[in-house]
Every structure is written in C-alpha cells, then in structure tokens.
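See below for the structure under consideration.
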Amino acid sequence: MRYSGLKVIKEALTGHKEWTPAWRDPEPQSEYDVIVIGGGGHGLATAYYLAKEYEQKRIAVLEKGWIGGGNVGRNTTIIRSNYLLDGNEPFYEFSLKLWEGLEQDFNYNAMVSQRGILNLIHSDAQRDAFIRRGNAMLLNGADAEMLTTAQIKARYPFLNTEDARFPIKGGLAQHRGGTVRHDAVAWGYARGADSRGVDIIQNCEVTGFRIENGKCLGVETSRGFIGAKKVGCAVAGSSSRLMSKAEMRLPMESHVLQAFVSEGLKPVLPGVVTFGAGHFYVSQSDKGGLVFGGDLDGYNSYAQRGNLPTVEDVCEGGMAIFPAFGRARLLRMWGGIMDMSMDGSPIIDRTHIDGLYFNGGWCYGGFKATPASGFCFAHLLANDVPHPTATAYRFDRFEKGLMIDEKGMGNQPNLH
Amino acid sequence: MTQVNRLAGGQIDRTKTCNFTFDGNPYAGHSGDTLASALLANGVRLMGRSFKYHRPRGVLTAGSEEPNALVELRGGARQEPNTRATTIELYDGLLAKSQNHMGSLRFDLLAINDRLSNFLTAGFYYKTFMWPAAFWEKLYEPIIRKAAGLGSLSLKDDPDVYDKGFLHCDLLIIGAGPAGLMAALIAGRAGADVIIADEDFALGGRLNSETLSIADQSGADWAAATIAELSSLPNVRIMPRTTVIGAFDHGIYGAVERVGDHLHTPDANKPRQVLWRIYTQKTILAAGAIERPIAFENNDRPGIMLGSALRTYANRFAVAADKRVAIFTNNNDGHRTAADLHAKGVKISAVVDVRPDAPRSMDYEVLQGEVVDTKGRLGLTFAEVKLADGSIRTLECGALGMSGGWNPNVHMTCHQRGRPVWNDGIAAFVPGADLPTGMIVAGAANGDMSTAGALKGGATAAKLALGLKGRLPKLPKAEDAPINLKPFWYVKGCSRAWLDQQNDVTVKDVKLSHQEGFRSVEHLKRYTTLGMATDQGKTSNMGGLAIMAELAGKAIPEVGTTIFRPPYTPTAIGALGGRHRGQEFHPKRLTPSHKWAEEHGAVFVEVGNWLRAQWFPREGETTWRESVDREVLATRKSVGVCDVTTLGKVDVQGTDAADFLNKIYCNGFAKLAVGKTRYGLMLREDGIAMDDGTAARLAEDHFVVTTTTANALPVYRHMEFVRQCLFPDIDVQLISTTEAWAQYAVAGPNSRNLLSAIVDQVISNEAFPFMACANITICGGLRARLFRISFSGELAYEIAVPTEYGDALMRKIMEVGAQYDVTPYGTEALGVMRIEKGHAAGNELNGTTTALNLGMARMVSKKKDSIGSTLSERDGLNGDGQLSQVGIKPVDPNDPVPAGAHLMDADGPVDAAHDQGYATSACYSPHLGHAIAIGFLKNGTDRMGERMRLVSPLTGVDVQVEITSAHFIDPEGERLRA
Amino acid sequence: MHDLQPVTALGGADPHIDTFDHITITGNNGLALASVAARMGHEKACHTALKKLLGTVPAPGKAVLHDPEAGFWMGPDQWMIGAPRETHELLADALKNKFGDAASVTEQSGAWVCFDVIGPAMPDLCERLCAVPIRRMVAGDAQRTMIHQLGCFVIRRDNPEHIRILGPRASAGSLHHALITAAHSVG
Amino acid sequence: MIIDHPLLGPRDASEFTYMGDAKLIDRPDWQSQTAAQEFYEYGYLRDNPAGWHEELWFHEAGDRSWLVVTRNTVTHDISKVELARDVARARGRSK
C-alpha cells in the first residue's frame, strides 16, 4: 500500500477500513541468504537497502523484542554531518544526503526537518578547532557557516550572552543538520523492507551462532536454529554481549546515556543548539517538548537508566545558556545503551569468521548515521568489500594505530 | 461573581479570602483552596483545551495526575506554563491564564481540528505531507509546529533561585496518607531518623478527602493529631509540598520541595524550590492510588471527572462540581461518592452502575446500565444512559463522576526497571517483587484499598524496615470495606471515547493502532501518543492497555505496561539546575595577582576555570593587537612578567621518585642532577601525547612536576593510577601544589638584572645556568623557588612563593623592575612568544598527535619502560605520510595565516582528498612584522621552503604560504642560555 | 626579615566576617598547613612521629583537634597537619625535621582557604552545601567532599555548632559566595 | 550510586571518576616477545560483560584512592569494594 495525502482522505471518508499492518508478522523460515540481527534503525536500514539497492533476496531481521525499541527509539533525534576527520566526514555527509531524500524513498513521513544545528564557541582555542572542522566539512562537500554572536543572538534572543560564565564567542552552524522523528525512521525502514519481502521477526532472540570450521552457518534463536549464508550483527549497546557468543572481544564498552524531554511548550527553539562549555544540547520537537541531553553517566551499564548527578549536570548546562528554561518542567528522563568504541568511531567490517559481519561502535552518534550505516553495511554484506565512504571503519585499525579519534581522548570509551 | 458552588464544611480557611484572576476575570476563593477548587466553587468548569482537537477541557482529577486543567500561572518572567490547577495552592493575587487556544478559551478557532478529527487519526502525519519534498520544512511543518505545545514560556530569564541539598535518614516515607503516617508514627516512636514527604500542602492523603473515620475521630482529625505527634519528635522530618521524583541507585532519592510556590513571590534571597538528594537505608512507598476513568462516547466534557475528585472537592474543599451530579461506576466507590455528595445537599441525578448486583439506595436512584454519550458544548449538560433492557435514559447533570477502580501508584517501584504484576482482585497492576533496594510498599500503593488495610500496611512496613521486634501495636479501628468491582474499561461500540484526554487519544485510535500492526505496548504508545502527555498516562494508560489486550486476544498482564520513568511529576528545570547559573555556573579560580591585574585594567580570559589576564590595555591603545604587540616587544627588548600560577604542579617525593618519572615520561629522568630541570613529554598508554611540562629536581628524592593548565587534574589522576595500580610498591608520594605556590615568569634580557634585586642568592649565569632550579629566599628571607626555564625563548626565570605572598611579590617585581620598564604581559603575548619560538601547546597537543608529529620522536626512550612507548611503535603512527610540526609564513607578508586553515599543494585541487595538513596556532609576530603559524603537514620535516596554499573556505581565506621551521626566533637558543 | 605582606584568600589583610541571624562565617587566615605522607616501608616510624606530635594518629575520616598542632587524615598514609601561622610559619620545615626519612612533607599553607561556620543553623547550612551526613558527624570527624563543585574538607569541631571548611584557595571567592547564599537560604 | 569505600564507608559515586575494567591493572611486560600484541589487547579489547564487572574508580573528590569496585552492569548492585593498590599487589604487581 502506498501512503499519500489522498489515501488518508479516502480512508477518513470510508471509515479507515483499508489500513493494513505496516509490516507483516511472519514465522521465521529455516534458512535465509542474509540474516540481520537487530531490529533497530541500523538493522532495519540494512535490510531495506539490501533488498532495494543490492537486490538481495531471502532476508530476515531478527529482533529480540519489538522493533525500534533500542537506541533508535530513545535518542534525541539529531542529524548532522559536522565531523572533522577523513575517516568520518564523508560517511556522515553521505548519511545526511540519504536523510534528505529518505521519506520519498521509503514512502513514510519521518519528519526530516533541516532546521539547522549550532555549536557554540566559548574560547579562541575552540574557535580555531571549529574553523578547522568547518573547513573539513566544506572540503568534503558538506555545508558549514561560522556565525557571530550577534547573528546567533538574532536567532536565539533569550540565549544568555550577558551574564555567561563562559562567554559566547560565536558558533559553527550546519544549516542542513536538524532533527527527525526517531520512531518513524524505524517504522519507515521496516515498512519499506517488509514490502520488499524482508521477514521482520520480532520476539526472536539470538542465543548463539553456529560456527563450523571458521564459517558461520546460522544462528540459534529463542525460536530455533535459523540457517544463513551471511549473518550481519547490528545490535549497538548489546554488541559485546552478542559477539561474545562468537568468542570475540570487542574494542568497546557499553555505557548509559540519558536523554530528557520537557512538557510541551509553544515553539521557542528554531534549531538545535549545543553548549560548547557545558554538557548540554537541545532542540524542540514538533510536539513542543524540549528534547535535550548531555554527557554519559560514565560507567559501564546495560541498565537503560541513569542517575541523578548527570541529570543535574545537564540541567545546570541548560540553565547556564537558557535561563528562561527554569520554569519549563522536565517531563521524562530515560537511558539508552551506547556502544562506546575505543576511539569514538564505529566499525563496519567483516569478522575473522567467514559469513559473520559486524556493525557497531556508534557511541552516541548512531541515530544520524542510520541511513548510511544501513547502506554501507548492506554494501559490505552484498559485495564483501566496504562501501567507499566506510573504508576506515575496520576492526584492525587499533592494532595498526589508525584510530579515528574526533575528540582526541584516546582509548577510554567514556571520554568520547 | 460569587462562589455559587461552595458547600459547608471542608478544610479551607474561610477567614482568609484570596482574590485571584483567571483569564482576566476576578474571582475569590479561600486559603486552603487549590486554583481548581476555587474555580469550581465559582462555577467555572471550562479551564483549557486539549492538545490536538482543541476540545474544551475542565478538571478530571483533584491531584497531580491532572491531564486537563493546565494553566499558565503568574505573569511576566515568572510565567509558568502547563501548571496543574489541581495542585496550585491559592494565594491572594494569583494570576492564571488558560492556554492552547487561538482566540478566546470559549471560542477557540483551532477547534476546527475537532471537525477534521476523522482525518487526523493516530499517525496520519506519517502517511502524508511528503510531496513535494521541499514543502515539509517550508509549509507543513511550520503549520504543525505553530499548533504544537500547550503553554508558553515568557522567554525571560527565570528570576527565582533554586537550592540543592542533601539529607540522610534511616527511613524515607513517600506519601503521608494513612499508610505513610502510621509508618512514620511507629518508626518515629522507635527513634529512627525518619523523613516523611508528601507532594500535597496538606498532609493526610485521602483521609482529607473522605468522610471515613479512624477510631473515634474523622480521618482528617486523626491525620492532624498524628502529624502533631510526629512534629514533636526531633528524629522525624516532615516535608509537605515535597514530591519525591525518582528512586535512583542504592537508596538515593530525588525530591523537590516547593518552598515559595504558594507565595505571591518567594521571600528575598530564599529559593523558590529545593532539590533534595536523600540518602536512605530503607524506603516505604505509601504513594496511594489513582482512580481510573471509564471510556464512553464524549467522556471528555468539562464537568466529567473522577468520582474520587468529586469527593475531594466536596469534602476537603467544600465545593460541589455542579448542582446536579451523575455517577458512572463499576464498583462501590461510585456509591460512596453519591452518598457523600447527597449528604452535602448535592442533587444526585443517578448512579449508573454496570454491575447487576449494584447496591440500592434510599437517597438516590441507581440505574444498571452504561453511559453511552453526553452533551454540552463547553460543559456537560446531559448524559445518555443505556439501561440493562436496552432503553435509553437521559440524565440532566452538570458533573459526572467516573469510578472505574483504582490503580496503585507503582510508579517508583519501577524506576529501576522493576515490572509490576497483575492483581485480579482489584483488576490492577500492583508492585512486583523486583523493587529498588530497600523499598517496601504499603497501603493503596500496594493494593490495600481500605483504610484499615493502609494503617496495617504502614505499620507492618515500618516494623519490617527497621527490623523491629515484637508485635504490632494495636491499630485504631477504621473502615475495612471489601473490593467489589467488575472490570469495565470502555463502553462497547464507542469510538470517540477518550483515553488520553490531553493528547486526544480515543478508543478508535487504539483500534487503528492494532489494525496497522502497532500492537506492542511501546508501539501503541509511540504511534498514538497515548500516555505521552504531561501526566505520563497516569489516568489513561490502563484503559489503552485493556483495549489492546482485548483486541489482541490476550490478558492484560501479557500486554504489559510501558516503562515508568522519573520524574514522578514534571519537575522545574530550574530546580535541577540549582544555583549553578550565570557567573556561578562553575566556580572561578583566581590567580594570586588577580587583584593587582584588575587594578591595572587587565582583560581576563577563561582557562580551565581560571581567569587569566589576557592583556593589559594602556591608555591610547584601541585594539587588543596594539597591547599584545607592545607586551611582546617590551619583553623581548627588556623584561616582562606573567602570572603562570595556573600551570599544574605536583610534588613528587620518595626514594623512587626518579624511577617514577621515568615511567610517566617517555624521556629519561633517572640521571637528572639535583638542581636541574628537564622538559618532559607524557604519553597516554595508546602512545599519543598526553601532556608536557617540566620536572625540577630539588633533591635526590624530591621533584616538582608541572603540567599544562587544562590537564592538571587528569594528569594527577593518571599519576596516581600509575602509582597505585601499576606499581603499588613504588616509594613515591604525590600531592598537588598547584594552588600552594604563586608562580611568575620573568622573561627578557633584563630578567636576571631584575631578579637579582629580589633574590637573596647569586643568580649569575654561572651560578644559576639555563635549566637550573633551587630553593631560595627573597627580599631578605621569604622562602621561594627559582627555575631557569623559558617558554618565550628569552633569558627567563619562573619564581614561586607561597600563594599568600603572591600579590606582594607581583608588586615587588613591578616596583623593582620599574628601572627596566618591566611590562606585565598576558596570555596573548605569552601565546605569541611561544608560537614565535615554535613551542607546542594545547592546540598542538590535541589528543591525536604523537611525539613524532611534534618533532620529538627521538625523546621516546627505547631503553626503559614508560607509559605509551610500546603502542607508540604501531605502524600507523610511524613511517611515510605522518604529520609533522612545521612553521607557516605567508608569501605576501600582508596575508593572514589563520589557525584552522588547511594546507593544500600550491597547484593541486582544493578538496578533502588533497588535504596535506592544517594550521594549529597562529598570531601576528611583532618581531617579524607579519603573521605566522605553526601547524602539522604530511612529511613536513622534508618540505621546508615549499610553497603551498593555506585555505579556509569557512572564513574566506586562500593564501600562498611557505613552509618553514617552527622556530621563527633564535633557533639556536642563544638568548635563553645568555 | 623580608618585607612582603601576605594577603588573605579573599584579598586584603584582615579576615572576612559575615554575620547572619543564626550563622557567622569567618575567614580564618591564621593556619599554617603541611601534608605528611609516610614513605614506603617507614609507616611505623611515621605513625610514631604523628603520635608524638598529635597524641594519636588520625584514623580515616578523622581529625585530631590537638594544640598547637592539629591533624586530619587525607588519604591512605597521608595526613594534613595544621598549626597557628603566627608561631608556625615554617611548619613544613619543622615537620620535615621531625619526620626525617619516615615521611614526605609538603607545604600546603598557600593552597587552602579556611572558613569557620558557627551557629545554630550550621547543620541546615551544611545540608545545602554538601553530601556529608552533618547531623551524624561528631567532633573530630573530617570528610573531604564537594561544595559548589570544589573539593573541600569539612571538619566538625568541638563546639557542636561549629564546622571548619577548607577549600581550594584560588576559588575562595566562589566558595565564599556559596556559603553566603546557603546562609541566606537557611538564615 | 553509593560506593562503600573500604576506608571511608558509603560515599556518593559522584565523588569518583570512572576509568573502566580493572584488567587495566594487568599491564603487560614491555620486554615480552609479544609485547605489541599484548599491549594492543590490553589497551583496546574489553569483555564488557552484562553482569558482574570489576572496575576502577578514582576517589577524586575524596581521599585520592583508586578502588576496584565489583559492580553489576545490569542492576548496578555493588558486591565488593577494594583498594586498587591491594588488588594490584595481590595480582603480583610491585614496582
């Protein structure tokens, strides 16, 4: 079924009888050509592009719970491609370009809203670093603009520039950045994949891999063994847990990142703002909630919930730049499990086991990467060579000393 | 306007009248009222509009679970959107406005959405607004956004202040209803440190809302007497107006106390609210229960509310919601409401009970049947009842109470991912076994719905929590009615029957969600927005779950609940931010010469919480460059002084001190002579440069190590890690002395002359050569330290005295140095001189550069074990194509060479694929008369003299440059050895 | 003798005093401080010297409020010793003489700002500053904690209404501001 | 969270700075034949278990002790807290 305004009107006039499930609820088959483990954004996107761009058949997505229940359904919905390093920027810019045509591509309105993202600058050294970054973005074909404090103030008149502990000395803007309705991304990919024959199997937990003579033959699941020619893992925060079943240790730790939303408010924030001297970033959703976040809690966790000190730290940052938010109320806080890699950059690579592929290490940048991650992982699964924008995302980069460390924090995941 | 619906009795203070304004109209109520009760007393039922369809809304509840009666409270900078009228304590002069309407509240133009509701079903927006692609941002989204949100912020800075605090107790009791009060009484009498917190301003919970008695007194009187006794116990802290917002790990709870919200404005210097972090051994959750509504056609009109709310308004606030009230119930609670209201003289139109065995009454009519529709545009006028025989009966009523049973307040039992379990007896979820550490649940929150059950539950919980021995004390006699409830969630055949009244989610939407495959409870929530409103589904979720369960052919517990998340009720962001606002966001660190620098007009800059003098403008100087150029030239010509106290300092002592430095620095320290200083480069274990500084050997077993200002803390932490975790038997003692010593750089050809007049010892070049260090005295005996080190490339010293003498030393240097025209210089001049000298600093030590990149590859000793040396040898960090530090100067001396610009081949294309490197630090060199920069270039050491392009498309720079050595000045180092 | 005049952490020559209804906050400029850390293998000798100096070795979390030298535990095998500045300006040197090879001694006089907070509202004030269980602490309890993001020592003195707070000297102004605001809130 | 410090008793975890897996104590021998491989694994590979995890915390705003905390990464329960120095010695580290 194709969604459109006309279809909505027709159904409204005829009692909404023809709407069918957005995706089927199939029983797993005994074997597939490709199994993607993880029904999150990346897994569903992978399946979608495998079917659509790489014309693969017999594909299944296995999800232990309900699709979209991981980080794609619990992030702060920001998209951007304001990266610095060679290994990253082309990939994230590819992703942003995919976002720009996504809704028409998969026929689902995910509300991709390019309302711009702004990183505030508070010191000369920070300005130098942001100039270098902005130049890297432009040299890679992305957009970037350096804004003066006056330009910023014109857009955000209630920004605290008068009594700021860390004076605002301008900002690096990416106008093509913005926000997306996160759940709809999972649903859109799921619906698009399903309509191309992909089996999306919920409540099917992978409990092990069947590996013989260095080759992966399929997966053991809570619903029995399912054979596969190729198995791709895209389970974000659960990566270490899953890959340990193939006796792999990953360059990664799982950390909790909290996110927050306020009560619905009439529009005040046109774009996304990031506070460069505190741990705070914020945007406003189409429903009116201020959606904001900050730093990791900082300790290994699989608990999908955080603690009070981080909540306070984030709100302190918010009050420092937007003192008018004091009278808005925090409505809900939640946590997601981040697959924090050792250099803050992801891995899309084959493993040493034939037929077993890995996609993970997204840290807290996974959402914006969803389309390109799916596209590149599909490319790798289909062709056994990396997509041109994802060649640096290899397992062996740590052993070889080819880290992609945007923040320069080294091999301590919670600092990225 | 008079208080037409005010009844007799209640717990309001009729001696105190509070005048207030709602939507510009003046009203009067009493102290002890909420805004909601006062509005109802004045006959106002219409208080707001719903989110999507802009349907008229009145109060649904009498508590913090209210989804409908949300207002903008106060005006000006104190305007507070989405404030529940049901929790606003009335004060004289209160000002409130309704919200979310275009035009007036009565004639809201956006009510057109209600006419279009058939088009605006759950998730409709995912299926449309996609063509043409560019129209989303330009047309559709702006329209949607404009309609979004409920109340509005003033966008003025919040004028109130907020405190944070910390409390410790043996037992935290959440909720001061019968269970909580009884628990507090037992624990308090037993001598435990008890905190009892309740969100309400009046303690007692439902006891204040019911006509039930405890022992021989009314419930409210028993509560008052109990609170009086608790108040007399020094070990009990009673906290009204305090909402416990979340249960965090290991017995930590967040609680917000509203100190000033019931006042016209908070007292001067006092906070509006306090965020308490409560550390407790045990917790009793006695948070009560919330009544649930029933879904039927048009069940959302103003006047339709929970039956328990009708009782609260009547019994506690002495307010009838209307002169004529009908009740729709599936259990005995509806009859309790009818009896209470009848006793107060309110006309009961009828009690509609779905149960065939409903109790009869002499006082009012009881109908077996269901309410199937209602009428009344801005407020309820009639309810249509379908009787058991199928006939329709119309009831005239201005209020209708819904009693669908009660949901225990399990919220906080689930904050650590515990899941509630289903209890058939009360047809509701009750706390599961997986509770937060130390939590015990009592009373209605635990599913004990009678007063006697609550008292007993509270007493038992207290005994359990404190491990008290012996029997429970005799509890007062109280109501102990059994539950008689027929689960009933919605009237069959209804469609526009509201579940989530704020977000406009109806039974029809749940059905559509199921039809389209959004059947998991989380999908249901996200697709329909059920339970995502400001009440987080407290009154709506159960109905949605029950209907989804029925559609899916499952039992309710199989469908499960969504996850309960903090905060329990929405919490002001200001309270979570506390005092850390404006200038107090982070503490400031001031240098010992700060006062002196202020007196001399310094401009300050923030560096790692320090405020450092950036430059010292003099009269007649119109740009910062003039000041900085002057400071640089004066220093290089004669002598300058700069406060460098901010550099981290670590005192390293012990017999293994030299060995220790050998481990943390990549270069060697074992052979450094006493009285000498050496530059040290510290690597992270991954082989990347971490920090640099100097180590001065004051004695065989004593070094003073310096770090960069920004890295003082992480470097100290790293040193302790190496000492305690890697080499636990090493005899080294560490302590930070950053703030113990005031330290000044004195630089320039006259620095020795100047210092000779201060230092008591001889500091000739022979006696005190380059890189010497010593404990000295100055000015006739003050202990001090002297280091002959140079960041500027000049003959230079750093001199340190105990911090309390720092101000005096600065003044002394300026006084003594006058004859040499000593010039104070700030961080800008410091930066210029180090760039001229090619010294790496923070911009170069950016966490991705190696010793090799910095031109110090040979420093990494291969003869010893040091942190990072092994991993620094990886192939990817060595060999052809590595970046190395170079100098960059413009071919045309008038061109800029900005930091952050990228290096490209002179004739090649300008794009990412041809990027050769970048400029890290740049300045105008007054010494050379043109701009210079240092930066990193691929194979840079082999490219001296090469012409390249330096481009910064971001800032519009594209210039020809020449690659040079980074040592722009005195490359042989003759000056600093002079 | 040298002619350099010391200044207090808040600037000026005289201690700063702030008086509220139920609290007095006094800047205490009269302390000389030095840390003492036992050398590896010389822990016993260090303890002996400490005992001789203070009468007893301060246990973890404890201070010995002894005259003229007092001391509190800072970390494993590490203590802070304080004495009146008037009589003990060269405290570190004196201690080094007493401890010899048994300990590393580091002057700390300039590193800290000291405030004495006295009054019946002291526990209320403390509750708005830091997470120490102030009402459960007894005389001689010394805890390091965070006040306004600053690492501080909080020492409960003999007078039950008295606590002494040692904070980083460079942030004396910020710490003082935090104390004053809290005093307003509870005063 | 509360960390029950072996010397100081229960302290708010916000006084501590977190580093990661306590296996970081087991730094390889730089002179080993396979030092490069060992340091790579030491520096970069983690078990990252969902369950009990021995990890390093630094009492930054306290007594400056490094601690080894045994904590469950799913429930956040803490079962054991030791001084890292004692753990390091027990694992055979010296100087």
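Chains as they are written, first to last, in the numbering used here: chain A, 1 to 416; chain B, 1001 to 1978; chain C, 2001 to 2187; chain D, 3001 to 3095. Note that the Cβ used here is the ideal one computed from N, Cα and C, for glycine as well. Keep in mind the model is a prediction, meaning the values are calculated, not measured.
Compare the C-alpha of residue i against each of the options and name the closest.
i	options	result
B/Thr-1569	B/Gln-1583, B/Glu-1229, B/Thr-1534	B/Thr-1534
B/Asn-1846	B/Thr-1827, B/Asp-1691, B/Met-1548, B/Gly-1447	B/Asp-1691
A/Ile-9	B/Leu-1073, B/Phe-1429, B/Asn-1068, B/Phe-1124	B/Phe-1124
B/Arg-1811	B/Arg-1678, B/Leu-1754, B/Leu-1139	B/Leu-1754
B/Thr-1460	B/Val-1910, B/Ile-1284, B/Gln-1217	B/Ile-1284
B/Pro-1356	B/Asn-1330, B/Glu-1365, B/Lys-1344	B/Asn-1330
A/Asn-383	A/Ala-392, A/Tyr-364, A/Gly-355, A/Gly-360	A/Gly-355
Please check the pair residue i and residue j, which I expect to be a contact at CB under 8 Å, by giving their CB distance rounded to whole angstroms.
i	j	result
B/Lys-1296	B/Asp-1033	The sequence given here has Phe at residue 1296 of chain B, not Lys. About 30 Å separates the two Cβ atoms, so there is no contact after all.
A/Ala-303	A/Val-256	6 Å
B/Gly-1307	B/Gly-1443	Not confirmed; about 19 Å, so no contact.
A/Ala-390	A/Phe-158	Not quite, the Cβ-Cβ distance comes to about 40 Å (not below 8 Å), so this is no contact.
B/Ala-1228	B/Leu-1207	In fact, because the Cβ distance is near 14 Å, the residues do not count as touching under 8 Å.
Quick one: what does DSSP say residue i is sitting in, helix, strand or coil?
i	result
B/Arg-1316	helix
A/Asn-119	strand
B/Phe-1787	strand
B/Arg-1292	coil
B/Thr-1827	helix
B/Trp-1136	helix
Which residues bound the beta strand (DSSP E) around residue i?
i	result
B/Leu-1095	1094-1098
B/Lys-1649	1648-1653
C/Gly-2075	2070-2075
A/Asp-194	First-last for A/Asp-194: 182-195, but that is the alpha helix (DSSP H), not the beta strand (DSSP E).
B/His-1030	1025-1031
C/Asp-2098	The sequence given here places Lys at residue 2098 of chain C; Asp does not occur at that position. Not the beta strand (DSSP E): C/Lys-2098 falls in the alpha helix (DSSP H), residues 2091-2099.
Kindly indicate the opening and closing residues of the alpha helix (DSSP H) around residue i.
i	result
B/Phe-1616	Counting along the chain, B/Phe-1616 falls outside any alpha helix (DSSP H), and DSSP gives it neither H nor E.
C/His-2184	2172-2186
C/Pro-2123	2122-2127
A/Gln-151	149-155
B/Phe-1721	1712-1721
Under a CB-based cut-off of 9 Å, is residue i close to chain F?
i	result
D/Gly-3092	Of the protein chains in this structure, namely A, B, C and D, none is chain F.
Query - Within 8 Å of chain D by C-beta, residues of the stretch 393-413 of chain A in sequence order - result: Hits within the stretch, in order: Phe-398, Glu-399, Asn-411, Gln-412, Pro-413.
Query raised in the report: Closer than 9 Å, Cβ to any Cβ of chain C: which residues of the stretch 3035-3067 of chain D, in chain order?
Result: Residues of the stretch 3035-3067 of chain D whose Cβ lies closer than 9 Å to any Cβ of chain C, in chain order: His-3059, Glu-3060, Ala-3061, Gly-3062, Asp-3063, Arg-3064, Ser-3065.
Query - Proximal residues, the stretch 2087-2108 of chain C versus chain B, C-beta separation under 7 Å - result: Contact residues of the stretch 2087-2108 of chain C toward chain B are Ser-2104, Thr-2106, Glu-2107, Gln-2108 (C-beta to C-beta distance below 7 Å).
Query raised in the report: According to a CB-to-CB cut-off of less than 7 Å, which residues of the stretch 2070-2087 of chain C neighbour chain D?
Result: The residues in question are Met-2074, Gly-2075, Pro-2076.
Query raised in the report: the stretch 1869-1892 of chain B: which residues have C-beta closer than 9 Å to a C-beta of chain D, in chain order?
Result: Against chain D - using a Cβ distance shorter than 9 Å - the residues of the stretch 1869-1892 of chain B are Ser-1869, Thr-1870, Leu-1871, Glu-1873, Arg-1874.
Query raised in the report: Of all the residues that make up the stretch 1251-1281 of chain B, which are near chain A by a beta-carbon distance shorter than 7 Å?
Result: The residues in question are Ile-1252, Gly-1254, Arg-1277.
Report task. Please list the residues of the stretch 1654-1669 of chain B that have a C-beta atom closer than 7 Å to any C-beta atom in chain D, keeping them in chain order. Result -> Here the close residues are Asp-1656.
Report task. Determine which residues of the stretch 2137-2165 of chain C have a Cβ less than 8 Å from any Cβ of chain B, and write them out in chain order. Result -> Cβ proximity to chain B below 8 Å picks out His-2148, Gln-2149, Leu-2150 from the stretch 2137-2165 of chain C.
Query raised in the report: Looking at chain D, which residues of the stretch 2007-2039 of chain C have a Cβ within less than 9 Å of any of its Cβ atoms?
Result: Cβ contacts with chain D come from no residue of the stretch 2007-2039 of chain C.
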